[in-house]
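Some notes on the structure that comes next.
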Amino acid sequence: MISLISIFRVWQRYLAVFRKNIVYALVTTFVEPFLYLLSFGFGLGSMIGAVNLDGQAIPYRAFVLAGIVAQTLLFQGFFEAAYGSFIRMYYQKIFQAIAVTPVTLSEVLWGELIWDSSRATLSAGAVLMVGVAIGDFPWLGALAILPFCFFFAMIFAALGLWVAAKSRTIESISYPQYLLVFPMFLFCGVFFPLTNLPVLFQKAAWALPLTPVLSMMRSFTLGAAFDPKALLILILWVAVLVPLARRAMIRRLLA
Amino acid sequence: MPCPLVVSHLKKTYHRPGRPPIEAVAGVSFEVQAGECFGLLGPNGAGKSTSMKCISGFYEPTEGHVHILGIDVHRDPRSARRQLGVCAQEDSLDTDFDVEDQMTQFAVYYGIPRKEGRRRAEELLGRFDLLDKRTELVESLSGGMRRRLQVARALINQPKVLVLDEPTTGLDPEARRILWDILVQERRRGLAILLSTHYMEEAERLCDRVAIIHQGKILACDSPEHLIQGQIGTEPVEEEIRPGFRHRRAPNLEDVYLKLTGRSLESDSPGEGTQA
Chain C
595 MISLISIFRV WQRYLAVFRK NIVYALVTTF VEPFLYLLSF GFGLGSMIGA VNLDGQAIPY
655 RAFVLAGIVA QTLLFQGFFE AAYGSFIRMY YQKIFQAIAV TPVTLSEVLW GELIWDSSRA
715 TLSAGAVLMV GVAIGDFPWL GALAILPFCF FFAMIFAALG LWVAAKSRTI ESISYPQYLL
775 VFPMFLFCGV FFPLTNLPVL FQKAAWALPL TPVLSMMRSF TLGAAFDPKA LLILILWVAV
835 LVPLARRAMI RRLLA
Chain A
145 MPCPLVVSHL KKTYHRPGRP PIEAVAGVSF EVQAGECFGL LGPNGAGKST SMKCISGFYE
205 PTEGHVHILG IDVHRDPRSA RRQLGVCAQE DSLDTDFDVE DQMTQFAVYY GIPRKEGRRR
265 AEELLGRFDL LDKRTELVES LSGGMRRRLQ VARALINQPK VLVLDEPTTG LDPEARRILW
325 DILVQERRRG LAILLSTHYM EEAERLCDRV AIIHQGKILA CDSPEHLIQG QIGTEPVEEE
385 IRPGFRHRRA PNLEDVYLKL TGRSLESDSP GEGTQA
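Chains as they are written, first to last, in our numbering: chain C, 595 to 849; chain A, 145 to 420.
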């Protein structure tokens, strides 16, 4: 039996650490997306002008900003879960320490995933707010996508947790980072419409979770056509990755 | 009041793909009374840590039961662990927190209100002589202080049972003695202590009863004095401690262990090596 109160107590630990090092927390949570926004949105955006998205011309800045929201969820969710949980499991052994209090290991791992997703959502929420403030996103669309952001972040956090569970050393987290996370970031359509790529490439990109996230993000924030396939694929990812990651981490800790 | 800790027929077998399974704990039973200090004595690989992890409910045992104040720790970990304090063998301090917050944060996991958590933290840090370190980061503490903090943290929920897995391994003699004094104080308060160790002085000095554990089984269990008398006798033991230098001394638990297993406590005996 999972207790929500216990999960909340674990979540509170992460929040306490976040608040304790608030400057570090704010810098690592918010600075990166704004660097991308300045560089790509304002810098590159002024050269490119508009992009064609489902037949309507969208300013590149708005196009890439929606991409950055998705990229923020990917990076914040994955890195916090992958490196963070590896440190907590392997170096601090804090998962093990909490799991002999009335909180169970299963609840500790839910707390981890929910925190990672919360933090990524907070970060993505800040980018969405900037999008609304500079007039690139409608506020209703930005608000409506926010709960989905938490759900998207959960996919990337679960991916990170699974990677942490399977990595023998902290260095080996670099493999999925360079071979999966960075390619997703570069080729799923954060910076350019996926339709610019060869069809085979596009199909491959749809098999990765960032592509459907980008599709839904641009439907809500830029008015692109909503493809129900995107939501279905993401539900499938969550349904597979979350139990897979939790089971792998539990196995690793109990082996 | 039911017995603080009852361990019955505990077994833990590790199944490994393609290799024969290892029986790390092969049917261990004992109980620990209030105010008693009970020791599991054995070298590395004897099954101490696995037993401890089953007792704290972290591992699911293959067979057997563990009851803390009558509550099955595997059936109802939430209630059972409210009465249990655990100090793991490895350093598991939360390095993201300073000394005091380390304690209050742990109080949160037990659902202890913030104010009460702070009060208990202050009282425990005082008792463990760590009060002047309260705002220090864990990283800046010495090994002995870290270990003391880990024991103090295990008492934040005012448990009736304290499980200590090799609490003084790696500590210098001074730090070890300080921790021993603290444990003596705690059992006077009625705490039931289960401790594992491979130091026979530690077992002789602290434990009312010692179980000698070898290859996952308890070979003998009694007070240190009875174990020594029963197995070895009272005659002094002569041994060559340096080449050409023979020394006579009183028999100790190490001799008991050697007699029962044919091995010394220092020997490292991982699962496979001991099957012969």
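Just so it is clear, CB atoms sit at the ideal spot from N, CA and C, and this is done for glycine as well. Computed from a predicted structure; not experimentally measured.
Below 8 Å between beta carbons: does that hold for Ser768(C) and Phe744(C)?
-> no
Of all the residues that make up the stretch 649-677 of chain C, which are near chain A by a beta-carbon distance shorter than 9 Å?
-> none
Secondary structure at His370(A), three-state DSSP: helix, strand or coil?
-> helix
Taking 8 Å as the cut-off, decide whether the C-beta atoms of Ala660(C) and Pro653(C) are in contact.
-> no
For Ala842(C), the nearest candidate out of Lys760(C), Leu609(C), Tyr685(C) and Gly783(C) (CA to CA) | Lys760(C)
What's the gap between the Cα of Ile739(C) and the Cα of Tyr608(C)?
-> 24 Å
Chain C within 8 Å of Arg222(A), Cβ atoms only = yes
Inter-residue spacing [alpha-carbon to alpha-carbon] between Thr763(C) and Ser367(A) | 44 Å
Between the CA atoms of Val150(A) and Gln113(A) - distance to the nearest angstrom = This structure gives no information on residue 113(A), because the portion of chain A shown stretches from 145 to 420.
If we call anything under 8 Å between Cβ atoms a contact, is Ala336(A) one with Glu180(A)?
-> yes
Contact with chain D by Ile692(C), beta-carbon distance below 8 Å | Among the protein chains in the structure shown, which are C and A, there is no chain D.
In the DSSP assignment, find the unbroken beta strand (DSSP E) run with Phe673(C) in it and report its ends.
-> Counting along the chain, Phe673(C) falls outside any beta strand (DSSP E), though it belongs to the alpha helix (DSSP H) covering Tyr654 to Phe673.
Just how far apart, CA to CA, sit Ala420(A) and Trp605(C)?
-> Only weak support is given to the placement of Ala420(A): the predicted model assigns it a pLDDT of 30, under 50, and the value that follows is read from those uncertain coordinates. Answer to the nearest angstrom: the Cα atoms are 48 Å apart.
CB-CB length for Gln227(A) against Val305(A), believed under 8 Å | 6 Å
Taking C-beta pairs closer than 7 Å, name the residues in chain A that Leu848(C) reaches, listed in chain order.
-> Tyr203
If you drop the 5 nearest sequence neighbours on each side, which residues of the same chain put their C-beta closer than 8 Å to that of Leu237(A)?
-> Gln246, Val282, Arg290, Leu293, Gln294 and Arg297
Applying a beta-carbon distance threshold of less than 8 Å, which residues of chain A neighbour Lys687(C)?
-> Ala232, Glu234, Asp235 and Ser236
Measure the CB-CB distance between Ile688(C) and Ile601(C) and report whether it falls below 8 Å.
-> no
Using a C-beta cutoff of 8 Å, does Val697(C) count as contacting chain A?
-> yes
From the DSSP output, in three-state form, read off Glu234(A) for me.
-> coil
What is the residue span of the alpha helix (DSSP H) that Gly287(A) lies within?
-> Gly287 to Ala298
Run through DSSP, which three-state label would Ile212(A) get?
-> strand
Neighbour flag for Leu838(C) against chain A, beta carbons, 8 Å | no
Quick one, which residues of the stretch 794-815 of chain C are near chain A if we go by CB-CB under 8 Å, in chain order?
-> none
Distance, Cα to Cα, Leu788(C) vs Pro221(A)?
-> 50 Å
Ends of the beta strand (DSSP E) at Pro165(A)?
-> Arg163 to Val176
Who are the near neighbours of Arg321(A) in its chain, counting only those whose CB is closer than 6 Å to its CB and skipping five residues on each side?
-> none
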